[in-house]
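In the UniProt record's numbering, the protein residues as written are 1 to 181.
The beta-carbon is built from N, C-alpha and C at its ideal position, and this holds for glycine as well.
Since the model is a prediction, treat every value here as computed from it, not as a measurement.
What follows is a short report on a single structure.
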């Protein structure tokens, strides 16, 4: 098992230059961070206090494609996403100058739905849990669409309770069909 001291160098490298790391390098880092699923052994982790929102979001997006070839059961990407939900990390919407949330934004929820990683969508929605904002990516896929595709019934109900049109088509002109067609 990886120990916290073993992670200092890769985390330091990532923190120093997170946008210069390749996808493969970030995925290796996520695999090394797999120990976080057992983080209680090492004390609490303040990821929000030590990482920027974009950095966490990038790692969450990359986690969707990190898997252990020896075992579908022991998946570092899944463990990392579960760790983030376990420590209670919550995404805060970006707001405009009037304080209104911006809904045009691609999130790891969209990535998970596009790659048909529906388990991940269910976990990621625990992080992106603002149902009064229905984030829409460039292709028109919304969090409501992703929840419908992923069978996240409770999430779909919550969107509907807050006034989401069940027959909505994508918010940006696209071929994305209504979620409940």
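Check: Any C-beta of chain B under 9 Å from that of residue 138; Outcome: The displayed structure is made up of one protein chain only, and chain B is not part of it.
Check: Pairwise C-alpha distance: residue 78 and residue 25; Outcome: 17 Å
Check: Inter-residue spacing [alpha-carbon to alpha-carbon] between residue 42 and residue 30; Outcome: Summary for residue 42: the model assigns pLDDT 48, below 50, so the residue's position carries little reliability; its value from the coordinates is reported in the next sentence. Distance between the alpha carbons of residue 42 and residue 30: 17 Å.
Check: Any 3 or more C-beta pairs closer than 8 Å across the segment 104-121 and the segment 54-61; Outcome: yes
Check: Of the listed residues 115, 168, 131 and 94, nearest to residue 150 (C-alpha basis); Outcome: 115
Check: Three-state secondary structure assigned by DSSP to residue 101; Outcome: strand
Check: Under the three-state DSSP convention, the category residue 142 falls into; Outcome: strand
Check: Which listed residue (139, 92, 96 and 99) has its alpha carbon closest to that of residue 125; Outcome: 92
Check: Spatial distance of residue 22 from residue 28 (CA atoms); Outcome: 10 Å
Check: Contact set for residue 51: own chain, Cβ-Cβ below 6 Å, skip 5 residues either direction; Outcome: none
Check: Separation of residue 144 from residue 85, as counted between CA atoms; Outcome: 20 Å
Check: Outcome for residue 119 when other beta-carbon atoms lying within 10 angstroms are tallied against a minimum of 16; Outcome: exposed
Check: For residue 163, the nearest candidate out of 133, 152, 141 and 137 (CA to CA); Outcome: 133
Check: Proximity winner among 153, 107, 140 and 148, relative to residue 128 (alpha-carbon distances); Outcome: 107
Check: Reduced DSSP secondary structure (H/G/I, E/B, other) of residue 66; Outcome: coil
Check: Residues bridged to residue 136 [DSSP beta-bridge criterion]; Outcome: 104 and 142
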